[in-house]
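Chains A and B supply the protein sequences, listed in that same order.
Residues 16 to 161 in this note's numbering are what the first sequence lists, from first letter to last.
Residues 16 to 161 in this note's numbering are what the second sequence lists, from first letter to last.
Just so you know, even glycine gets a beta-carbon here, dropped at the ideal spot from N, CA and C.
For clarity, every value in this text was computed on a predicted model and none was experimentally measured.
Structure first, then comments.
2 protein chains.
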Amino acid sequence: MKLSTKGRYGLRAMIDLAIHSKENQVSIKSISERQEISENYLERIIALLKKAGYVKSTRGAQGGYMLTKKPEQISVGNILRALEGDLNPVDCSLINDDKVCLESGLCVTKFVWKRISDSINDVVDNISLQDLVNEQIEIDKSQLSR
Amino acid sequence: MKLSTKGRYGLRAMIDLAIHSKENQVSIKSISERQEISENYLERIIALLKKAGYVKSTRGAQGGYMLTKKPEQISVGNILRALEGDLNPVDCSLINDDKVCLESGLCVTKFVWKRISDSINDVVDNISLQDLVNEQIEIDKSQLSR
DNA sequence: ATCATATCCGAGTCATTTAGTAGGAATTAT
DNA sequence: ATAATTCCTACTAAATGACTCGGATATGAT
Numbered sequence: 016m017k018l019s020t021k022g023r024y025g026l027r028a029m030i031d032l033a034i035h036s037k038e039n040q041v042s043i044k045s046i047s048e049r050q051e052i053s054e055n056y057l058e059r060i061i062a063l064l065k066k067a068g069y070v071k072s073t074r075g076a077q078g079g080y081m082l083t084k085k086p087e088q089i090s091v092g093n094i095l096r097a098l099e100g101d102l103n104p105v106d107c108s109l110i111n112d113d114k115v116c117l118e119s120g121l122c123v124t125k126f127v128w129k130r131i132s133d134s135i136n137d138v139v140d141n142i143s144l145q146d147l148v149n150e151q152i153e154i155d156k157s158q159l160s161r
Numbered sequence: 016m017k018l019s020t021k022g023r024y025g026l027r028a029m030i031d032l033a034i035h036s037k038e039n040q041v042s043i044k045s046i047s048e049r050q051e052i053s054e055n056y057l058e059r060i061i062a063l064l065k066k067a068g069y070v071k072s073t074r075g076a077q078g079g080y081m082l083t084k085k086p087e088q089i090s091v092g093n094i095l096r097a098l099e100g101d102l103n104p105v106d107c108s109l110i111n112d113d114k115v116c117l118e119s120g121l122c123v124t125k126f127v128w129k130r131i132s133d134s135i136n137d138v139v140d141n142i143s144l145q146d147l148v149n150e151q152i153e154i155d156k157s158q159l160s161r
C-alpha cells in the first residue's frame with residue numbers, strides 16, 4: 016500500500032516546475048540538481064506527465080519543460096493518477112459499479128475498497144499544486160528566519 | 016498503491032471466521048474451501064492475524080481458529096494493518112511528527128502523504144467486522160430472493 | 001496406543017514490479 | 001558547427017509478492 020518513487024518524485028518535480036517554470040523553460044538537469052533525482056529517471060517520469068498533458072516541452076538548446084496550466088488548475092490527484100495509475104486499493108473492475116460481484120464472498124469487501132478509494136481521491140483532488148507551492152514558500156520563510 | 020493478497024484474503028478470512036466461529040473452531044481447510052484460497056497460503060495469513068491478537072487457535076483434531084473478540088470490536092483497520100503494515104502511502108518516519116524534514120523540498124509533499132494516510136485510517140477504523148457481516152447477510156438475502 | 005486431523009513453522013521458488021542505467025537519435029538556440 | 005537539450009528503446013539488478021513444500025507438533029476420537 017505504498018506509492019512508488021514515480022509518484023513521489025513526480026510530485027516534487029511538478030512543484031519544482033510550478034516554482035521555476037513561470038517564464039523560462041526548465042531543464043531536466045536543473046530539476047535533477049535541485050531535487051536530487053537522477054536525470055535519466057526523472058526524464059522518464061516527466062515523460063509520463065507530458066503524456067498526461069500537464070507538462071509541455073521544447074527540445075534543443077535552452078529547451079526544457081513548462082506546465083501546461085496554472086498550478087491552481089492541476090491537482091495532486093491529477094499528478095498521482097498520471098504516474099501511479101488509479102488510486103484504488105485493489106484492482107476491481109466493479110469498484111465503481113453497483114453490480115454485485117459473482118462471488119458473493121468477495122463482494123462485501125468491495126464496499127471497503129470503494130470507501131478507501133473515494134477517500135483517497137477526495138483528498139488528492141482537493142489539493143492543488145498551487146497549495147503546495149504556497150506551503151513551500153511558507154516553509155522557506157520560516158527556515159530563513161532561524 | 017495496492018493492497019496485497021494478504022490484506023484482501025485476510026479480510027475475507029476474518030469475515031468468514033466472524034460468521035462461522037461463533038460456537039465451533041473453524042479449520043483452515045473449511046475457510047479455504049469457502050473462500051477459495053489455498054490452505055497453505057491462508058495458514059500464513061491467519062498466523063499474522065493470530066500474532067496480532069485477533070484470532071486464537073486450538074491445535075489437533077477438531078481444532079481450528081476463532082476470533083478473540085466480538086466482530087464489533089475488531090475494525091477493518093485493525094485487520095489491514097496487521098496484514099499490510101501501516102497504511103501510509105509512503106515510508107516517512109516524520110509523517111506523524113510536526114518536525115520539518117531536513118530536505119525542505121521533500122517536506123511539502125509530507126502534508127499530502129499525511130492527509131492521505133489520515134483519510135485511509137479514518138475509513139478503515141470506522142468499519143467493523145460486524146458491519147461487513149451485516150452487509151454479507153443482506154447480500155445473501157437478496158441473492159436468495161432472485 | 002494409534003491414527004486422523006489440525007496447527008505451527010522454516011525454507012525455498014517463481015514471476016512480477018520497481019527503480020533505475022546506458023546509449024544514441026533527433027532537435028534547436030547560439 | 002556545436003553545445004545543450006529532449007526523446008526513445010533496451011537492458012539490468014534488486015526487491016517484493018504470491019505462493020508451495022515438507023516436516024514437526026499437538027490432540028480428540030477410537
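Leu144 (chain A) sits buried, since 16 or more C-beta atoms from the chains shown fall within 10 Å of its C-beta.
Residue B:Gly92 holds the alpha-carbon nearest to the alpha-carbon of Met29 (chain B) among B:Lys156, B:Gly92, B:Arg74 and B:Lys17.
Listed along chain B, the residues sitting closer than 8 Å to Thr124 (chain A) by beta-carbon distance are Arg23, Leu26, Arg27, Ile30 and Leu147.
Rounded to the nearest whole angstrom, the C-alpha separation of Glu99 (chain B) and Leu26 (chain B) is 11 Å. The beta carbon of Ile34 (chain A) sits closer than 8 Å to those of Val148 and Gln151, all from its chain and outside the five residues before and after it, given in chain order.
In the structure shown, Thr20 (chain B) adopts helical secondary structure according to DSSP, grouped into three states.
In the structure shown, Ser143 (chain B) adopts extended strand secondary structure according to DSSP, grouped into three states. Proximity of Pro104 (chain B) to chain A, defined by a Cβ-Cβ separation below 8 Å, is satisfied.
Fully contained in the region 20-92 of chain B are the following alpha helix (DSSP H) runs of length 4 or more, in chain order: 20-35, 43-50 and 54-66.
Excluding the 5 residues flanking it on each side, Glu58 (chain A) has same chain C-beta neighbours closer than 7 Å at Ile43, in chain order. Along the region 67-89 of chain B, none of the residues has a CB nearer than 8 Å to a CB of chain A. An exposed status is given to Ala62 (chain B), since fewer than 16 other beta-carbon atoms sit within 10 Å of its beta-carbon. Put simply, of B:Leu159, B:Arg96, B:Lys125 and B:Lys156 the residue whose alpha carbon is nearest the alpha carbon of Gly68 (chain B) is B:Arg96.
At a cut-off of 8 Å between C-beta atoms, Ile60 (chain A) does not count as an interface residue with respect to chain B. With respect to the 8 Å criterion, Pro86 (chain B) and Ser132 (chain B) are not classified as neighbours on the basis of their beta carbons. Chain B has no Cβ within less than 8 Å of the Cβ of Glu38 (chain A).
In this structure Gln77 (chain A) is not in contact with Gln50 (chain A), their Cβ atoms being roughly 21 Å apart against a cut-off of 8 Å. A Cβ of chain B is located within less than 8 Å of the beta carbon of Lys17 (chain A). Judged by beta-carbon spacing, Val123 (chain B) lies beyond the 8 Å limit of Ile135 (chain A), meaning their Cβ atoms are not closer than that value.
In the structure shown, Val127 (chain A) falls within a helical segment according to DSSP collapsed to helix, strand and coil. One thing to note: Cys107 (chain B) has its Cβ within 8 Å of the Cβ of Lys125 (chain B).
Only residues of its own chain outside the window of five on either side were considered, and among them Gly92, Leu95, Arg96, Ser132, Ile135, Asn136 and Val139 have a CB closer than 8 Å to the CB of Leu102 (chain B), listed in chain order. Ranked by Cα distance from Ser36 (chain A), the options A:Ile52, A:Val127 and A:Gly79 are led by A:Gly79. Burial state of Gly22 (chain A) is buried, judged by a 10 Å Cβ sphere holding 16 or more other Cβ atoms.
The CB of Glu48 (chain A) never comes closer than 8 Å to any CB in chain B; the least such distance is about 11 Å.
Chain B places no beta carbon closer than 8 Å to that of Glu54 (chain A), leaving this residue out of the contacts. With a 10 Å radius around the Cβ and a threshold of 16 neighbouring Cβ atoms, Lys129 (chain B) comes out buried.
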